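Q:
Residue numbers (my numbering): 7 to 277.
1) Considering only residues of the same chain and omitting the five flanking positions on each side of residue 140, which have a CB-CB separation below 6 Å?
2) Quick check: residue 125 and residue 102, are their CB atoms within less than 8 Å of each other?
3) DSSP on residue 265, reduced to helix/strand/coil?
4) Are three or more beta carbon pairs between the segment 39-48 and the segment 131-145 nearer than 8 Å?
5) Is residue 25 closer than 8 Å to residue 19 when the C-beta atoms are compared?
6) Hey, out of 93, 79, 78, whose CA is closest to residue 85's CA?
7) What does DSSP give as the partner residues of residue 183 in its beta bridges?
8) Okay, do the segment 54-74 and the segment 169-185 touch, 3+ Cβ pairs below 8 Å being the bar?
9) Using the Cα positions of residue 280 and residue 194, report the straight-line distance between them to the nearest angstrom.
10) Below 6 Å CB to CB, which residues in the same chain sit around residue 243 once its five sequence neighbours on both sides are set aside?
11) What do you reckon, are the CB atoms on residue 180 and residue 274 nearer than 8 Å?
12) Assuming residue 22 and residue 47 form a contact by the criterion Cβ under 8 Å, report the distance between their Cβ atoms to the nearest whole angstrom.
13) Whose C-beta lies closer than 8 Å to the C-beta of residue 264 among residues of the same chain, with five residues either side of it excluded?
14) Decide if residue 12 is buried, meaning its Cβ has at least 16 other Cβ atoms within 10 Å, or exposed.
15) What does residue 11 pair with, by DSSP beta-bridge criteria?
16) Distance, Cα to Cα, residue 123 vs residue 245?
17) Using C-beta distances below 6 Å, list every residue in its chain close to residue 113, excluding the 5 sequence neighbours before and after it, in chain order.
18) If you check the beta carbons only, do residue 165 and residue 257 fall under 8 Å apart?
19) Whole angstroms is fine: what's the gap from residue 135's alpha carbon to residue 252's?
20) Please state whether the Cβ-Cβ distance between residue 98 and residue 59 is less than 8 Å.
21) Determine the extent of the alpha helix (DSSP H) in which residue 31 is found, giving its start and end residues.
22) Kindly indicate which three-state DSSP category residue 88 falls into: helix, strand or coil?
23) Consult DSSP for residue 172 and reduce its assignment to one of helix, strand or coil.
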């Protein structure tokens, strides 16, 4: 199995709290992005002390209450399945704070991390505040929910989006990359993809490759898998009959999303 592909686990750290994914700098080689998926049974609580790290807490499914011990956001979260295809609520918590997440119902929560030194206010990112974009044409169509885009100054480093790609379509396509700190032409952003499929027995194909092919991996990402993108192009293909959802986390030295298309495939945009 590729070192860029992570399968779900079930590590119960306390009663009713299961860690499904835990991508860290120590186990991934990523410098700017960390990612965790936590499943919570009703009434259970997950607690974390962030130190020099900022975090975007995404209520993937179910309802949760989040507190940083100064502010409390009660019963947030909008959906029981990501495939209801509506935006959800999130909470941004800055470095040098701690937080508690308590499950109001059974819940799945994504924790999106990046190193941070400059403390910012805790912020509830309401579902209705997510801008929704429809990108692409022909067999290259997807819908994007912007949770923390680069136009929102609420975070120091983090960028967080959700993407839906319909049956038989391609996403993150034509292949693009953001692995050069060369603004304004291109920014350096590491990235993770958390995948879900509908129906859940489905899969997608994701390729991660660099110009020099020092990275060139093609992976079958199944439901609840994570793909790590340290560098390179990273297109996603969705087979007929299945719908793809993925949650993207990006971060780098500058909080700006400027990508570069693979010149060999950029002609696709002219169709």
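We treat Cβ as the ideally placed atom computed from N, Cα and C, and that holds for glycine. The model shown is predicted, which means the values in this text are computed figures rather than measured ones.
A: So, from the listed chains and residues:
1) Working through the chain shown from its first residue, we reach residue 140 at position 134. Cβ neighbours of residue 140 beyond the five flanking positions: 149.
2) To locate residue 125, count along the chain shown from 1; it is residue 119. To locate residue 102, count along the chain shown from 1; it is residue 96. Yes. Within cutoff.
3) By one-based count along the chain shown, residue 265 stands at place 259. If DSSP states are grouped into helix, strand and coil, residue 265 belongs with coil.
4) no
5) As a working mapping, residue 19 is identified with position 13 in the chain shown. As a working mapping, residue 25 is identified with position 19 in the chain shown. In contact: residue 19 and residue 25 (Cβ atoms closer than 8 Å).
6) Residue numbering aside, residue 85 sits at position 79 when the chain shown is read from its first letter. Minimum Cα distance to residue 85 is reached at 93.
7) As a first step, residue 183 must be located in the chain shown, where it is residue number 177. Per DSSP, 266.
8) no
9) Any question about residue 280 goes unanswered here, given that the chain covers just 7 to 277.
10) Position 237 of the chain shown, counted from the start, is the residue given in the question as residue 243. If we look at residue 243 and ignore the five residues flanking it on each side, its Cβ neighbours are 176, 211.
11) In the chain shown, the residue the question calls residue 180 occupies position 174. In the chain shown, the residue the question calls residue 274 occupies position 268. Yes; because the gap between Cβ atoms is below 8 Å, this pair is in contact.
12) Counted from its first residue, the chain shown places residue 22 at position 16. Counted from its first residue, the chain shown places residue 47 at position 41. Rounded, the Cβ-Cβ distance is 3 Å, consistent with contact.
13) Position 258 of the chain shown, counted from the first residue, corresponds to residue 264. So the list reads 184, 189, 190, 191, 192, 193, once near-sequence residues are dropped.
14) For the purposes of this step, residue 12 is taken as the residue at position 6 of the chain shown. So residue 12 ends up on the buried side.
15) For this step, residue 11 is matched to residue 5 along the chain shown. Its beta-bridge partners are 233.
16) Locating residue 123 in the chain shown gives position 117, where the first residue counts as 1. Locating residue 245 in the chain shown gives position 239, where the first residue counts as 1. One C-alpha to the other measures close to 42 Å.
17) Within the chain shown, the letter at position 107 stands for residue 113. Within the same chain, residue 113 has close Cβ partners 46, 68, 70.
18) On the chain shown, position 159 is the one that residue 165 refers to. On the chain shown, position 251 is the one that residue 257 refers to. Closer than 8 Å, so yes.
19) Here residue 135 is taken as the residue at index 129 of the chain shown, counted from 1. Here residue 252 is taken as the residue at index 246 of the chain shown, counted from 1. C-alpha separation (whole angstroms): 19 Å.
20) The residue given as residue 98 occupies position 92 in the chain shown. The residue given as residue 59 occupies position 53 in the chain shown. Not closer than 8 Å, so no.
21) As a working note, residue 31 is residue 25 in the chain shown. Looking at the DSSP string, the run of the alpha helix (DSSP H) that includes residue 31 is 31-34.
22) In the chain shown, counting from the first residue as 1, residue 88 sits at position 82. Residue state, collapsed to three classes: helix.
23) Taking the chain shown and counting its residues from 1, one reaches residue 172 at position 166. Reduced to three states, the DSSP call for residue 172 is coil.
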